[in-house]
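Peer 1: Dropping the structure in here first, questions after.
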Amino acid sequence: MAVDLASRQLPVTAPVPNEAPVVRVVDLWKQFPTSRSLGDLLRHPLGGPPSPAIADVSLELYAGEFVGLLGPNGAGKTTLLKILATLITPDRGTVTIAGHDVVTASASVRRIIAPVLANERSLYWRLSARENLELFAALLQLSGGEVTARVSEVLDVVGLADAGSKMVGQFSAGMMQRLLVARALLGRPRVLLLDEPTRSLDPTAAHTFRAFLREELGTRRECAVLVATHRTEEAFELCDRVVVLNRGRVVAAGRASELGEALIGARYAVHTLEPNHSALEEVLASGRARRVACKSEGNGTWWRVELEIEGGDNAAGPVLAELVRGDMTIARFERVVSPLGELIDRAIARTISWQ
Amino acid sequence: MTTRAALALTQASWRTARSYRFSFFLSFASLAATIIPVYFVANALQQFMAPVISTEGRDYFGFVLFGTAMLTLVSAALTSFASAVSGGLSSGFFEALMVTPTSLGALLAGQTGYAFAWALARAILLVGSGALLGVEVHWLRLPEGLLLTTVMVGAYVGIGLIAAALVVSFRTNAAIPHGVLVLSTLLGGVYFPTSVLPPLVAPLAEWLPLTPGLRALRQTLLLGYPVSTIADDLFQLVGLALAYAIVGTVSLRLAFRYAKKAGSLGQY
């Protein structure tokens, strides 16, 4: 049974209610045919219960909005992106992109969307970045006269203007990722679908890349962007909203920070000399906070105690005040970003407990 | 727009092939290495083969040269679609192509365009070299020759599309391209006329587009016969081409529809 978490006071944000959504997914359902061995067929001729890849998923995306798709492996994130990209036909439900149905008007949809699903092997490694983009400009049916200028423009946008004539095989992983985005931007898409866009980037490059995506796609170009990701930073830094999927179903949706708070609570780290100080023990015993982790800072003197504080950020101040009043030595008290994996686990666990 | 997209893909393949300079040079060198031994062997066999090939040509070197040239084109038609599709599916490149507004037909034409262009260049070089080495070609019949070549290649494209459809659906071409190529080489009249085939396999040879195609092509370009003389072979060839093209196109469309349902377009 599907559980509507929105009705259970989980935050579901509708960011731009006055505008029509660019992407509208309604009651989407997709179940893949399963291949079964002869022995299995003989033992269970009717088969087991169906296991859908996408089950009754509904969501909307607005211009300029970034929505993150989260979930464990096999949750249905990539399937959903591929249905939007017209690469997979849904069994039932409707998906419209700027009013065009992905099944009956797939050619029109392909003029509006730009998926970055494929990896760097989908580039011609023996050609230059410019030659790769010129090829896709022709496939995207840009007029011959605008190709050169447009290719230069997108190369400039992704910071590859100086590498345009370099062979793609000599690019770093980050440069290839940027080139894939440049390729997606060629056709001036209104909707961008990104499947783990920073998977092959180091943390610094990933941060820069996310800042670029946010500025260029969200702010300047007003693209609606759907990002499937496993990275906490991606969901929290990049996305206006996140949708958590599990076994093809939406188990939670809302702003990443609010969702984290609702599911995990406000999490703070206390850097202290006394991890077992009586003031802290009192706070824990009263149930206003829960100790999540406690580890030495490395020199054996200072400790980092992670607390989940009941009542959210508003309750963090009073907890800190009580610790200070109790003479606990505190060097730092800071907000901690909830780990994405934990957020997903909690969302899934909460759904299961309601079923 | 469709033609432009197909040409852009072909150009990308050409640029890639050209970037491997040594391999590119070797391909041309191997062509010369093919012609020279064939020239000497064919001349050595001329007096034995002349009566056997008399309905399709006078010179055995020219006979074999035309057979080899057409086999080059047939090979491209049979294998290029399935290999383009399987390569594209395994690398994810096909997925990147399929999300553009370009039609499937244009994408496939573009993906195989270089293979066809290269095969055509080899065929032209073979026939051109043959002419330089003394093969008598009736150049005035070239338009009819081109028509026959186009229909013959078109028929094999149909079979190539069936193989590509199998790759899309089942990730195997069931050895169709290789099997048809071997049968065409042995039974299609490449190295000897089909009139010498044993009665048991002769009917099978008539289902291969190469059999009527090559027969008519040689009669046109090597003997200078008019279209009226080769009409029967031309009709047979057109019939086979239509049948294979229809089956191939329908199979491929169904295969892609199935792959979209099964979600297997991006997996190998």
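For the protein sequence lines, the chains are D and C, in the order given. In terms of the numbering used here, the first sequence opens at residue 505 and continues consecutively. In terms of the numbering used here, the second sequence opens at residue 8 and continues consecutively. We treat Cβ as the ideally placed atom computed from N, Cα and C, and that holds for glycine.
1) Check residue 702(D) in the structure and name its three-state DSSP category.
2) I want to see whether chain D comes within less than 9 Å of residue 226(C), judged by CB atoms only; does it?
3) So, is the C-beta of residue 591(D) closer than 9 Å to a C-beta in chain C?
4) What are the boundary residues of the alpha helix (DSSP H) that includes residue 716(D)?
5) What does DSSP give as the partner residues of residue 863(D) in its beta bridges?
6) Identify the continuous alpha helix (DSSP H) that holds residue 251(C) and give its terminal residues.
7) Take residue 446(D) as the anchor and find which of 744(D), 689(D) and 756(D) has the nearest alpha-carbon.
8) Could you have a look at residue 834(D) and say whether DSSP puts it in helix, strand or coil?
9) Which bits of chain D does residue 100(C) rub up against, with CB to CB less than 9 Å?
10) Inspect the beta-carbon positions of residue 721(D) and residue 690(D) and report whether they are closer than 9 Å.
11) Would you report the Cα separation of residue 533(D) and residue 628(D), rounded to the nearest angstrom?
12) Kindly say whether residue 49(C), judged by its beta-carbon, lies nearer than 9 Å to any beta-carbon of chain D.
13) Under 9 Å between C-beta atoms, does residue 631(D) make it to chain C?
14) Which residues, in chain order, does the segment 103-128 of chain C contribute to contact with chain D at a C-beta distance below 9 Å?
15) Would DSSP call residue 775(D) helix, strand or coil?
16) Taking the continuous beta strand (DSSP E) assigned at residue 534(D), which residues delimit it?
17) Can you list, in chain order, the residues of its chain whose CB lies under 6 Å from that of residue 121(C), leaving out five sequence neighbours each side?
18) Looking at residue 148(C) and residue 218(C), is the spacing between their C-beta atoms short of 9 Å?
19) In or out: residue 610(D) buried (at least 16 other Cβ within 10 Å) or exposed?
20) When you compare the CB positions of residue 100(C) and residue 632(D), do they come within less than 9 Å of one another, or not?
21) Nearest chain D C-beta to residue 65(C) closer than 9 Å, yes or no?
22) By the criterion of Cβ-Cβ separation under 8 Å, what are the contact partners of residue 635(D) in chain C?
23) Is the segment 734-743 of chain D in contact with the segment 707-719 of chain D, if contact means three or more CB pairs nearer than 8 Å?
24) Report yes or no: is there a C-beta of chain C within less than 9 Å of the C-beta of residue 583(D)?
25) Under three-state DSSP, which class holds residue 206(C)?
26) Could you spell out where the beta strand (DSSP E) holding residue 593(D) opens and where it closes?
27) Just the chain C side, please: which residues come within less than 9 Å of residue 779(D) by C-beta, in chain order?
28) Going along chain C, which residues have a C-beta under 7 Å from residue 536(D)?
29) So what does DSSP say about residue 692(D), is it helix, strand or coil?
30) Under 8 Å by Cβ, that's how I've got residue 787(D) and residue 826(D) pegged, so tell me the actual separation to the nearest angstrom.
31) Count the CB pairs spanning the segment 680-694 of chain D and the segment 656-672 of chain D that are closer than 8 Å, and state whether there are at least three.
32) So the candidates are 744(D), 678(D) and 751(D); which of them puts its Cα closest to the Cα of residue 761(D)?
33) For residue 873(D), count the other beta carbons within 10 Å of its own beta carbon; 16 or more makes it buried, fewer makes it exposed. Which is it?
34) Starting from residue 812(D) and walking both ways along the beta strand (DSSP E), at which residues does that stretch end?
35) Can you look up residue 10(C) in the DSSP assignment and give me helix, strand or coil?
36) In whole angstroms, what separates the C-alpha of residue 208(C) from that of residue 193(C)?
Peer 2: Reading from the atomic positions:
1) Position 198 of the first sequence, counted from the start, is the residue given in the question as residue 702(D). Coil at residue 702(D), not helix or strand.
2) As a working mapping, residue 226(C) is identified with position 219 in the second sequence. No, its Cβ sits nowhere closer than 9 Å to a Cβ of chain D.
3) On the first sequence, residue 591(D) is found 87 positions in, with the first residue counted as 1. It does; some Cβ of chain C falls within 9 Å.
4) Mapped onto the first sequence, residue 716(D) falls at position 212. From DSSP, the alpha helix (DSSP H) with residue 716(D) extends over 707-717.
5) Coverage of chain D is limited to positions 505 through 859, which leaves residue 863(D) absent and any answer about it impossible.
6) For the purposes of this step, residue 251(C) is taken as the residue at position 244 of the second sequence. Residue 251(C) -> alpha helix (DSSP H) spans 234-269.
7) Only positions 505 to 859 of chain D appear in the structure, and residue 446(D) is not among them; the question remains open.
8) Position 330 of the first sequence, counted from the first residue, corresponds to residue 834(D). Three-state result, residue 834(D): strand.
9) Translated into positions along the second sequence, residue 100(C) becomes position 93. In chain order: 622, 625, 626, 627 and 628.
10) Taking the first sequence and counting its residues from 1, the one referred to as residue 721(D) is at position 217. Taking the first sequence and counting its residues from 1, the one referred to as residue 690(D) is at position 186. Taking 9 Å as the Cβ cut-off, residue 721(D) and residue 690(D) do not qualify as a contacting pair.
11) Numbered from its first residue, the first sequence carries residue 533(D) at position 29. Numbered from its first residue, the first sequence carries residue 628(D) at position 124. Those two C-alpha atoms are separated by around 35 Å.
12) Mapped onto the second sequence, residue 49(C) falls at position 42. Any Cβ of chain D closer than 9 Å to the Cβ of residue 49(C) would place that residue at the interface, and such an atom is absent.
13) Position 127 of the first sequence, counted from the start, is the residue given in the question as residue 631(D). Yes, because at least one Cβ of chain C sits closer than 9 Å to the Cβ of residue 631(D).
14) Within the segment 103-128 of chain C, the residues whose Cβ lies closer than 9 Å to some Cβ of chain D are 103, 104, 105, 106, 107, 108, 109, 110, 113, 114 and 117, listed in chain order.
15) The sequence position of residue 775(D) within the first sequence is 271, counting from 1. It is a strand residue.
16) Working through the first sequence from its first residue, we reach residue 534(D) at position 30. Residues 527-534.
17) Against the second sequence, residue 121(C) aligns to sequence position 114. Cβ neighbours of residue 121(C) beyond the five flanking positions: 17, 20 and 21.
18) Counted from its first residue, the second sequence places residue 218(C) at position 211. Counted from its first residue, the second sequence places residue 148(C) at position 141. No.
19) Here residue 610(D) refers to the residue found at position 106 of the first sequence. It counts as buried.
20) Taking the second sequence and counting its residues from 1, the one referred to as residue 100(C) is at position 93. Taking the first sequence and counting its residues from 1, the one referred to as residue 632(D) is at position 128. It is not a contact, given that the beta carbons lie outside the stated cut-off.
21) Here residue 65(C) corresponds to residue number 58 of the second sequence, with the count starting at 1. Judged by the 9 Å Cβ criterion, residue 65(C) is not in contact with chain D.
22) Within the first sequence, the letter at position 131 stands for residue 635(D). Below the 8 Å Cβ cutoff, chain C contributes 19 and 22 as neighbours of residue 635(D), in chain order.
23) The segment 707-719 of chain D and the segment 734-743 of chain D touch, with three or more beta-carbon pairs separated by less than 8 Å.
24) Taking the first sequence and counting its residues from 1, one reaches residue 583(D) at position 79. Yes, its Cβ sits closer than 9 Å to a Cβ of chain C.
25) Position 199 of the second sequence, counted from the start, is the residue given in the question as residue 206(C). DSSP places residue 206(C) in coil when its eight states are reduced to three.
26) Locating residue 593(D) in the first sequence gives position 89, counting from the first residue. No beta strand (DSSP E) contains residue 593(D), which DSSP labels as neither H nor E.
27) Here residue 779(D) is taken as the residue at index 275 of the first sequence, counted from 1. Here the premise fails: no neighbours, minimum Cβ distance about 49 Å.
28) Position 32 of the first sequence, counted from the start, is the residue given in the question as residue 536(D). Within 7 Å Cβ-Cβ: 269 and 270.
29) Here residue 692(D) is taken as the residue at index 188 of the first sequence, counted from 1. Annotated three-state conformation of residue 692(D) is coil, per DSSP.
30) Sequence index remark: in the first sequence, residue 787(D) carries index 283 (1-based). Sequence index remark: in the first sequence, residue 826(D) carries index 322 (1-based). Between residue 787(D) and residue 826(D) a beta carbon distance of about 6 Å is seen, short of the 8 Å cut, so the two are scored as contacting.
31) Three or more Cβ pairs closer than 8 Å define a contact, and the segment 680-694 of chain D meets that threshold against the segment 656-672 of chain D.
32) Translated into positions along the first sequence, residue 761(D) becomes position 257. Considering only alpha carbons, the answer is 744(D).
33) With chain D running from 505 to 859 in the structure shown, residue 873(D) is simply not present.
34) Within the first sequence, the letter at position 308 stands for residue 812(D). For residue 812(D), the enclosing beta strand (DSSP E) begins and ends at 807-813.
35) Working through the second sequence from its first residue, we reach residue 10(C) at position 3. In this structure, residue 10(C) counts as helix in the three-state DSSP scheme.
36) Counting from 1 along the second sequence, the entry for residue 208(C) is found at position 201. Counting from 1 along the second sequence, the entry for residue 193(C) is found at position 186. Those two C-alpha atoms are separated by around 11 Å.
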